[in-house]
Amino acid sequence: MITLTPDRLPLPLASPILPSPGLWAARGTLPTAALGARLTAPLGEPWDGGAMAWQALPGALRWRPAVRPLERTLARLRRHRSELPLILTLAPDEPAAISAALDSVALDEMAACLLWEATPKTVRAARRVVGPLPIIAEWPCNSPAPAEALATAGADLLWVGPPRLSDGRRLWGPAIRPLISDGLQRLQPLGLPLVAGAGIASPDDALALREAGAALFALGPAWWVEPALAAAVGVALRG
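In our numbering, the protein residues as written are 1 to 239.
Okay, structure coming up:
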C-alpha cells in the first residue's frame with residue numbers, strides 16, 4: 001500500500017500552453033527552471049489517498065483519493081505564489097459547483113482551466129464563468145462517452161487521462177501507456193490539441209505518445225516523478 005500525504009500530489013510534466021516543454025506542478029517541489037506552468041490541486045476533487053498494485057495489469061496502480069477541501073486548496077495557492085503561469089483544476093460534481101468554486105479565485109491570475117472528468121455540461125458551465133480562458137477537458141482514455149461532445153461544448157484542449165475502473169478508481173503507471181496511446185489516436189480526428197495525461201515514465205514514453213498525436217505531455221503521479229526524469233523527458237521533447 002502506498003499512502004499519499006498532502007504534500008505528495010501528482011506532478012504532471014507537460015509542454016503546456018507555452019512555447020516550450022516544461023513542468024506543470026501542483027507545488028514547486030522540482031527545480032523552477034523546469035517549470036512551464038503550475039497546476040493546482042483540483043477544486044472539488046479529493047486527491048489525497050492511497051494506491052495499490054493492480055494484479056490484472058502489472059506496472060499499474062489503482063488509486064481512490066480521499067478528501068481535499070476547497071478552503072485548503074485555496075490556502076495552498078496563497079502560500080505558494082509564483083510568477084509562473086497557473087492552471088486551475090476543477091472537478092465539480094455538478095455544473096453549478098463551478099461558479100461557486102470560482103467565487104474564491106482570481107481568474108485574471110490563471111493561464112487555463114482544467115476540468116477533471118469533464119462532461120459537456122461542466123464544459124459549458126465553465127465557459128460561461130471563465131470567458132475566453134482556455135478550457136482543458138479531461139477524458140478518461142477508456143471512456144465510452146464520445147469526446148466529440150466535449151469539443152462541441154467549447155473545450156479548447158482535450159486531456160487524455162488515465163483509465164477509469166467501474167468503481168471510480170483510476171489506473172496510474174507506465175503500463176497504461178498503450179491505453180493512453182489508443183485514446184490519443186481515437187481523438188486525433190477532432191483536430192484539437194491533445195494532452196497525454198498519464199503513462200509517461202521515460203523519454204521514450206513521451207516520444208511514443210507524441211507519435212500517437214500528443215501535443216502536450218503529463219507525467220505523474222508523484223511517487224515516480226523525480227527531477228532527473230523530468231529533465232530527461234524535457235530534453236527528449238525539445239530534441
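For glycine and all other residues, C-beta sits at the position ideal for the given N, C-alpha and C.
Spatial distance of residue i from residue j (CA atoms)
i, j, result
"Trp24", "Met110", "Note that Trp24 has pLDDT 40, beneath the 50 cutoff, so the model's placement of it is unreliable and the number below is only indicative. Each residue's alpha carbon lies about 13 Å from the other."
"Ala153", "Ile87", "20 Å"
"Leu115", "Gln185", "21 Å"
"Ser166", "Gly239", "39 Å"
"Ala196", "Asp108", "27 Å"
"Leu216", "Pro193", "8 Å"
"Lys121", "Gly173", "30 Å"
"Arg170", "Leu150", "20 Å"
"Cys113", "Ala147", "17 Å"
"Val134", "Ala232", "In the sequence on display, residue 134 carries Pro and not Val. Near 28 Å, if we compare the C-alpha coordinates of Ala232 and Pro134."
"Ala175", "Ala155", "28 Å"
"Gln188", "Gly131", "26 Å"
"Pro203", "Val235", "8 Å"
"Ile200", "Leu237", "12 Å"
"Ala126", "Ser99", "8 Å"
"Val129", "Leu207", "36 Å"
Three-way DSSP call (helix, strand, coil) for residue i in this model
i, result
"Gly173", "coil"
"Ile98", "helix"
"Leu216", "strand"
"Ile180", "helix"
"Leu157", "strand"
"Leu88", "strand"
"Ala118", "coil"
"Ala147", "coil"
"Gly234", "helix"
"Leu35", "Reliability fails at Leu35, whose pLDDT of 43 lies under 50, so the model's placement of it is uncertain and no value is given."
Boundaries (first-last residue) of the beta strand (DSSP E) holding residue i
i, result
"Glu138", "Ile135 to Pro140"
"Ala112", "Met110 to Leu115"
"Ala196", "Leu194 to Ala196"
Boundaries (first-last residue) of the alpha helix (DSSP H) holding residue i
i, result
"Leu288", "The structure shown has nothing for residue 288, since the chain only spans 1 to 239."
Bridge-paired residues (DSSP) for residue i
i, result
"Arg127", "Its beta-bridge partners do not exist; DSSP assigns none."
"Arg186", "Looking at the DSSP assignment, Arg186 forms no beta bridge with any residue, so it has no partner."
"Arg164", "Arg170"
Residue i at chain D interface by Cβ criterion, 9 Å
i, result
"Ala112", "No chain D is present in this structure, which holds just one protein chain."
Below 8 Å, how does it come out for the segment 122-142 and the segment 155-172: are there three or more Cβ pairs, yes or no? yes
At least 3 beta-carbon pairs within less than 8 Å: the segment 203-219 vs the segment 174-182: yes
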